[in-house]
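Counted from 1, the sequence shown has number 206 at position 206 by the UniProt record's numbering; the numbering is strictly sequential.
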Amino acid sequence: MTSPAATAPPAARTPAGQAREKILATAFRLFYAQGLRAAGIDTIIAESGVAKATFYKYFPAKDDLILAYLERVDGVWTGQLHAAAEAAGEDPAAQLVGLFDALTTACRRDGYRGCAFINAAAESASGTRVHDRTVAHKQQIRAWIRDLAVRAGAHDPDQLARGLTLLLDGGLASGVLDGDPDAAAAAGAAAAQLVAASLETPPTPN
1 MTSPAATAPP AARTPAGQAR EKILATAFRL FYAQGLRAAG IDTIIAESGV AKATFYKYFP
61 AKDDLILAYL ERVDGVWTGQ LHAAAEAAGE DPAAQLVGLF DALTTACRRD GYRGCAFINA
121 AAESASGTRV HDRTVAHKQQ IRAWIRDLAV RAGAHDPDQL ARGLTLLLDG GLASGVLDGD
181 PDAAAAAGAA AAQLVAASLE TPPTPN
C-alpha cells in the first residue's frame, strides 16, 4: 500500500477490541484492493463477521472507518520507510537513498495497487477529513526527509526533500501504472544522484 503489508497488528484481547479489530482488518484489505468507495459497508460487515449494530458502535460513518484505515496504513508504511533508512547505516545521506528500498519492496508485493494515500486523495474531495488526512501524511513524510537532508548537510534541504518525495510518489505510481517493479529501482537510482548532487561543493565564482 503506500504500501503496507497485508498483515495488520494483532487483535486486542478484549471481545470488544476484537470486534473492532476484525472490522478494521477487513477494511484494511478491502479498501486497498477495491478502493474506498467500491468497498461497501455491507460487504465489510459481512466479511468481518460482526453485527451491523456492532459496526456502527465503533464506526458511526464510513469516513470514520476510512480514517482509521489510513491511520493504520500510515503507521505501517512510515515504519517500513524508517526501517529501510536505518538499514542503510548511520549516515543520513545513505539513509536518504536507503529509504527507497522500502519502495522496491512495496512495488514487488503481490496485490500491489499503488500508494494508499494517493488513491485515497483521488477518491476524496479537497477539504474533507479524508483528504486532509492524506495531505497530513505526505507532509509528515516530507518533513522527515527534510530532517535527514539537514543532517546530511544538503545545500538546500527543502528542495532536496521536495525532489525525493516526488521521486518516492512517482515510483509508487509507476509501480502500478506501468506494472513494472523495476520502476522503484530507477527511482532509487535517481534519488542517489539527487542526494549526491545536493552534497557537492558548489563551484567558487571567479
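In this text, a Cβ means the ideal position worked out from N, Cα and C, and glycines have one as well.
- Here Y56 carries a helix assignment [DSSP, helix/strand/coil].
- Minimum Cα-Cα distance from D132 among the listed residues A53, A19 and I118 corresponds to I118.
- Collapsing the DSSP output to three states places G127 in coil.
- A residue is called buried once 16 or more other Cβ atoms fall within 10 Å of its Cβ, and Y32 is buried on that count.
- Comparing alpha carbon positions, the residue from A197, A154 and L24 closest to P92 is A154.
- Annotated three-state conformation of D132 is helix, per DSSP.
- Going by beta carbons, L36 and E123 fall inside the 8 Å limit.
- The C-alpha of G188 lies about 17 Å from the C-alpha of A152.
- Taking 8 Å as the cut-off, the beta carbon of R108 is found closer than this to the beta carbon of P181.
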